[in-house]
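> One structure follows; several queries about it will come next.
In UniProt numbering, the protein residues as written are 1 to 411.
This is the structure:
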């Protein structure tokens with residue numbers, strides 16, 4: 001048997017090897033482009049409040065991403081969060097249990113997995129089974145600090161009543177999966193934060209998040225987990241998660257931030273229905289916290305209005321004084337956040353230590369939106385804030401007449 005000169009087959013073998021590599025790279029590029037298309041499409045759907053469609057796309061994207069990234073990869077945390085948020089919003093728009101359409105008759109029977117079983121539940125995640133229902137029952141807009149909620153669709157609500165059993169099963173399924181994938185996001189963000197203030201995250205969108213941005217994202221995940229608890233009427237879990245979110249957000253936000261007021265109010269309203277009477281008594285304090293944040297916002301808006309109307313150089317001194325007041329308010333907020341963090345370290349409020357040791361003492365991460373407002377925006381914002389202040393005053397008067405800790409109907 002004659003030997004075949006190796007030199008005669010090397011060019012063909014090399015060509016075959018390069019061809020296979022080119023094909024692999026082309027397939028990888030096509031796959032990556034397809035995944036980006038799904039993620040971009042999900043972002044557009046969410047912006048249009050088409051949460052069912054957004055969840056479908058994110059579920060499909062996650063399946064593809066798991067072929068490239070390990071299950072515990074921090075790069076998956078933002079996608080898990082977006083997927084869980086879409087499922088949560090889909091459940092809210094079809095149920096109205098957060099105030100949009102009449103609430104539940106009794107405690108929800110949704111089978112929300114325990115924190116220990118969240119990972120396994122998420123691995124068998126199911127997608128929403130109905131068509132896009134973003135125009136269904138809307139979230140309550142009375143205390144919406146981020147803008148007005150969408151109008152409700154009476155015809156869609158009537159159809160929802162006819163299909164209540166199926167809708168309830170779907171809502172429970174969505175909430176269960178939402179809880180599971182949000183837990184996956186929470187765990188990954190917390191592991192990143194444990195690495196210290198120098199940690200960063202390179203996202204699949206091509207952004208690089210600092211430790212402050214990661215903490216802000218963790219706070220939003222905790223907020224969504226609390227919303228799941230509120231939706232399923234697990235007020236103890238909701239209170240613990242809202243508290244952890246508030247602890248993280250307080251040092252990151254301006255003292256007059258609408259988001260800060262919203263965080264205080266959410267915790268207060270969840271505590272109002274907490275199963276422990278002493279916890280219900282805390283509800284008033286956090287609603288007052290929301291009120292104080294909005295009062296600071298009103299002061300900032302009025303000062304901005306004065307600056308815009310006069311444009312006087314003498315107002316520079318007033319601006320400097322306002323900065324001093326803001327700094328004092330910030331120190332006050334940070335001190336309150338540290339106290340809450342210390343309390344959480346000493347006792348488990350049902351939240352399994354979430355948010356523990358993650359409070360920050362940095363300057364606010366949030367930009368001062370009031371300082372950038374024009375005259376028309378200031379007037380519009382002032383009107384909104386004054387209306388919200390009236391609503392919060394009414395809520396506090398309600399507490400004065402019927403304290404939550406004495407309410408028999410809240411349990």
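Think of the CB as a built atom: it goes at the ideal place given N, C-alpha and C, for glycine as much as any other residue.
1. So, at 8 Å on beta carbons, what are the nonlocal neighbours of residue 304 in its own chain, with the 5 sequence-adjacent residues on each side left out?
2. When the distance is taken between beta carbons, is residue 221 closer than 8 Å to residue 87?
3. With distance defined between alpha-carbon atoms, name the residue in 60, 279, 390 and 375 nearest to residue 495.
4. From the DSSP output, in three-state form, read off residue 208 for me.
5. In the DSSP assignment, what residue or residues form a beta bridge with residue 39?
6. Work out the CA separation of residue 291 and residue 381 for me, nearest whole Å.
7. If you pair each beta-carbon of the segment 70-79 with each one of the segment 187-205, do three or more pairs fall below 8 Å?
8. Output needed for residue 85: all residues of its chain with C-beta closer than 7 Å, excluding positions within five of it in sequence on either side, in chain order.
9. Per DSSP, which residues does residue 201 bridge with? Please list them.
10. Flag this pair as yes or no: are the beta carbons of residue 389 and residue 295 separated by less than 8 Å?
11. What separation, rounded to the nearest whole angstrom, lies between the Cα atoms of residue 47 and residue 217?
12. In whole angstroms, what separates the C-alpha of residue 174 from that of residue 184?
13. Near residue 267, what residues of its chain come up, given a Cβ to Cβ distance below 7 Å and the 5 sequence neighbours on each side ignored?
14. Looking only at its own chain, which residues have a Cβ that is under 8 Å from the Cβ of residue 210, when we skip the five neighbours before and after it?
15. In the DSSP assignment, find the alpha helix (DSSP H) that holds residue 83 and state where it starts and stops.
16. Could you work out which residue in 276, 366, 81 and 196 is closest to residue 186 when comparing CA atoms only?
17. Is the beta carbon of residue 83 less than 8 Å from the beta carbon of residue 181?
18. If I'm right that residue 249 touches residue 219 with Cβ under 8 Å, what's the distance once you round it to whole angstroms?
19. If you drop the 5 nearest sequence neighbours on each side, which residues of the same chain put their C-beta closer than 6 Å to that of residue 368?
20. Among 275, 366 and 269, which has the Cα closest to the Cα of residue 399?
So, from the listed chains and residues:
1. The residues are 370, 371, 373 and 378.
2. Cβ atoms of residue 87 and residue 221: not closer than 8 Å.
3. For residue 495 there is no data in the structure shown, the boundaries of the chain being 1 and 411.
4. strand
5. Partner(s): none; residue 39 has no beta bridge.
6. 15 Å
7. yes
8. 224
9. 209
10. yes
11. Answer to the nearest angstrom: the Cα atoms are 18 Å apart.
12. For residue 174 and residue 184, the distance between alpha carbons rounds to 15 Å.
13. 239, 242, 243, 246 and 286
14. 200
15. 77-95
16. 81
17. Yes, the pair counts as a contact, with Cβ atoms nearer than the cut-off.
18. 5 Å
19. 254
20. 269
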